[in-house]
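S.K.: Before we start, here is the structure in question, set down as structure tokens.
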């Protein structure tokens with residue numbers, strides 16, 4: 239108070255009191271800011287960004303990526319018109335259940351109907367012609383069987399006849415006819431020729447006799463006739479030799495003239511019979527050949543053979559009929575499956591061009607599937623049987639993965655079967671989350687994409703200065719991206735502690751560290 243009293247005396251009371259007020263204000267100001275310095279320091283510390291630091295090797299867990307797909311029924315058909323024209327009838331309605339093959343709608347097709355009717359007539363005419371030709375085939379086949387039976391009968395009967403002539407008439411001029419040296423008893427003959435011919439006949443007659451026991455209409459009939467003809471010609475050779483010898487023999491001591499004339503008559507009759515036998519063979523052969531040729535011609539005119547004019551005509555007519563049927567079917571819109579009409583776009587009386595959407599038919603009770611596509615890099619990360627998440631409300635299983643890139647989309651198609659979920663609707667667009675497993679390559683470094691920051695000088699990841707708790711930028715080189723992770727080829731190693739989320743951070747920023 240003494241100081242104040244003195245100041246009052248020196249400067250006056252008003253000045254002193256003003257100064258006192260000013261000092262009090264300054265004191266209060268200093269007290270306010272000095273007393274709150276600790277609070278401010280705490281708030282600044284609380285505002286430091288918090289980062290999670292983890293070794294690079296531990297950040298590469300399972301990764302995910304997302305694709306957009308469309309839900310559709312497993313059994314679904316999107317119908318379109320195949321031709322253009324006025325719609326003359328729509329025979330179903332939205333929500334109706336239709337069976338496979340049901341006609342949904344019909345376009346005008348008077349011309350197609352007429353062409354179909356004409357083709358049906360041509361086909362029926364071809365069938366009628368073939369039936370007539372087949373009747374001729376049956377007749378020709380009957381004649382052929384008759385000719386074959388005639389060959390069998392001739393073959394058997396001639397064997398008996400020729401064998402009897404040889405053994406009862408000719409063999410009297412051989413001393414030992416059934417041996418290897420038959421021994422010709424009549425002079426004036428070619429002994430060597432007659433002996434060789436008789437030896438040959440011994441074998442060929444035995445073969446012919448055996449053939450008569452086994453021959454049927456299915457046997458080699460031309461061969462059988464040739465066999466019989468050869469034997470008869472050999473018997474004819476011996477007969478001619480004996481006749482010649484008898485005509486030249488003037489030795490009445492060997493054989494009387496009367497007996498000679500009798501023998502000449504006998505062998506002349508034998509020769510005539512053998513010639514007649516050869517004629518029988520020729521007739522049987524000619525009849526068989528003619529019957530076979532007639533049968534072949536009938537088959538060509540009928541149906542069933544490898545080359546048949548009737549078959550050709552039927553095929554031509556059938557081809558025209560099917561072409562007409564195909565053109566007529568283009569005027570109809572049919573359901574290929576049994577299901578519910580989920581969409582119907584056609585109206586009677588309107589005009590529809592080719593490939594106009596007509597309807598969507600689906601069997602809504604057989605489940606749903608998702609059609610989507612992924613990039614080629616993503617396709618190698620997934621496999622059939624993997625589970626996926628659909629719109630965060632349902633799960634599904636990868637059912638099929640395309641074997642190559644679709645040139646239209648530039649991606650690989652994927653089919654996903656959907657587990658039962660009533661909240662999913664057929665036809666809606668959905669998001670599909672794929673989860674890929676951690677790489678089995680222990681030398682590979684893969685980190686989350688969130689840990690990478692792109693700068694003007696290239697990609698970096700952050701590490702933390704342990705002394706100052708500030709961020710350090712580490713340049714890296716990136717490899718393949720796999721979902722939400724990326725491979726790092728250089729710049730860090732598997733033990734490098736990195737900031738797992740570098741978004742929004744800057745080099746040198748002081749941070750609070752949360753270590754895993």
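Numbering (our numbering), first residue to last: 239 to 754. Even for Gly, the Cβ is constructed at its ideal location relative to N, Cα and C.
Can you tell me whether residue 486 is helix, strand or coil according to DSSP?
M.R.: Looking at residue 486 - three-state DSSP - the assignment turns out to be helix.
S.K.: Within 10 Å of its beta-carbon, does residue 445 have 16 or more other beta-carbons around it, so buried, or fewer, so exposed?
M.R.: It counts as exposed.
S.K.: Would a C-beta distance cut-off of 8 Å place residue 339 and residue 579 closer than the cut-off?
M.R.: No, the pair does not count as a contact, with Cβ atoms beyond the cut-off.
S.K.: For the candidate residues 513, 729, 685 and 644, whose alpha-carbon lies nearest to that of residue 714?
M.R.: Of 513, 729, 685 and 644, the residue nearest in Cα terms is 729.
S.K.: State the CB to CB distance for the pair residue 636 and residue 621, rounded to an integer number of angstroms; the pair is presumed to be in contact (CB under 8 Å).
M.R.: 7 Å between Cβ atoms; contact.
S.K.: Rounded to whole angstroms, what's the CA-CA distance from residue 499 to residue 480? Just pull it up for me.
M.R.: C-alpha separation (whole angstroms): 13 Å.
S.K.: Using a Cβ-Cβ cutoff of less than 6 Å, which residues in the same chain neighbour residue 619 once the five nearest sequence positions on both sides are dropped?
M.R.: Excluding residues within five positions, the ones whose Cβ falls inside 6 Å are 674 and 720.
S.K.: Counting only beta-carbon atoms, is residue 654 nearer than 8 Å to chain B?
M.R.: The question asks about chain B, but that chain is absent: this structure has only one protein chain.
S.K.: Please name the residue in 667, 397 and 329 whose C-alpha comes closest to that of residue 345.
M.R.: Nearest option by C-alpha distance: 329.
S.K.: How close, in whole Å, do the beta carbons of residue 336 and residue 573 come, if the pair is a contact with beta carbons under 8 Å?
M.R.: Between residue 573 and residue 336 the Cβ distance is about 5 Å, and since that is below 8 Å, they are a contact.
S.K.: Pull up the distance between the alpha-carbon of residue 563 and that of residue 557, whole angstroms please.
M.R.: Approximately 10 Å between the Cα atoms of the pair.
S.K.: What would DSSP say about residue 407, mapped onto helix, strand or coil?
M.R.: Correct three-state label for residue 407: coil.
S.K.: Count the other C-beta atoms from every protein chain shown that fall within 10 angstroms of the C-beta of residue 524, then say buried if there are 16 or more, exposed otherwise.
M.R.: Classification for residue 524: exposed.
S.K.: Using DSSP with H/G/I as helix, E/B as strand and the rest coil, what is residue 269?
M.R.: With a pLDDT of 45 at residue 269, under the threshold of 50, the modelled position of that residue is not reliable, and the figure given next carries that caveat. Residue 269 falls in the helix class under three-state DSSP.
S.K.: Determine the extent of the alpha helix (DSSP H) in which residue 563 is found, giving its start and end residues.
M.R.: That run of the alpha helix (DSSP H) goes 547 to 567.
S.K.: Taking the alpha carbon of residue 740 as the point to measure from, which residue in 712, 731 and 732 has its own alpha carbon closest?
M.R.: Checking every option, the nearest Cα to that of residue 740 belongs to 712.
S.K.: Taking the alpha carbon of residue 527 as the point to measure from, which residue in 459, 612 and 734 has its own alpha carbon closest?
M.R.: If we check each option's Cα against that of residue 527, 459 comes out closest.
S.K.: Runs of 3 residues minimum, wholly inside the stretch 356 to 431: which ones carry the beta strand (DSSP E) assignment?
M.R.: DSSP runs (the beta strand (DSSP E)) wholly in the stretch 356 to 431: none.
S.K.: Name the two residues that bound the continuous alpha helix (DSSP H) containing residue 500.
M.R.: Its alpha helix (DSSP H) spans residues 495 to 539.
S.K.: Which runs of the beta strand (DSSP E), 3 residues or longer, sit entirely within the stretch 635 to 665?
M.R.: The qualifying runs are 650 to 656.
S.K.: Can you give the beta carbon distance from residue 465 to residue 516, rounded, assuming they're within the 8 Å contact cut?
M.R.: That pair is no contact at about 13 Å.
S.K.: Among 294, 485, 287 and 395, which one has its Cα closest to the Cα of residue 731?
M.R.: It is 294.
S.K.: Per DSSP, what kind of secondary structure is residue 323 in: helix, strand or coil?
M.R.: It is a strand residue.
S.K.: Applying the 10 Å Cβ sphere with the 16-neighbour rule, what's the burial state of residue 654?
M.R.: Result: buried.
S.K.: Note down, in chain order, each residue of its chain lying with its Cβ closer than 6 Å to the Cβ of residue 474, except the 5 sequence neighbours on either side.
M.R.: Once the five neighbours on either side are set aside, the close Cβ partners of residue 474 are 512.
S.K.: Who are the near neighbours of residue 551 in its chain, counting only those whose CB is closer than 6 Å to its CB and skipping five residues on each side?
M.R.: The residues are 364.
S.K.: Tell me whether residue 270 is buried or exposed, calling it buried when 16 or more other Cβ atoms sit within 10 Å of its Cβ.
M.R.: With a pLDDT of 45 at residue 270, under the threshold of 50, the modelled position of that residue is not reliable, and no figure is offered here.
S.K.: Does residue 738 come out as helix, strand or coil in the three-state DSSP assignment?
M.R.: Three-state DSSP puts residue 738 in coil, outside helix and strand.
S.K.: Fully enclosed by the stretch 289 to 354, which beta strand (DSSP E) runs are 3 residues long or longer?
M.R.: Complete beta strand (DSSP E) runs here, min 3: 301 to 311, 314 to 318, 323 to 328 and 341 to 345.
S.K.: Please report how far the alpha carbon of residue 413 lies from the alpha carbon of residue 422, in whole angstroms.
M.R.: Going by the C-alpha atoms only, they are around 6 Å apart.
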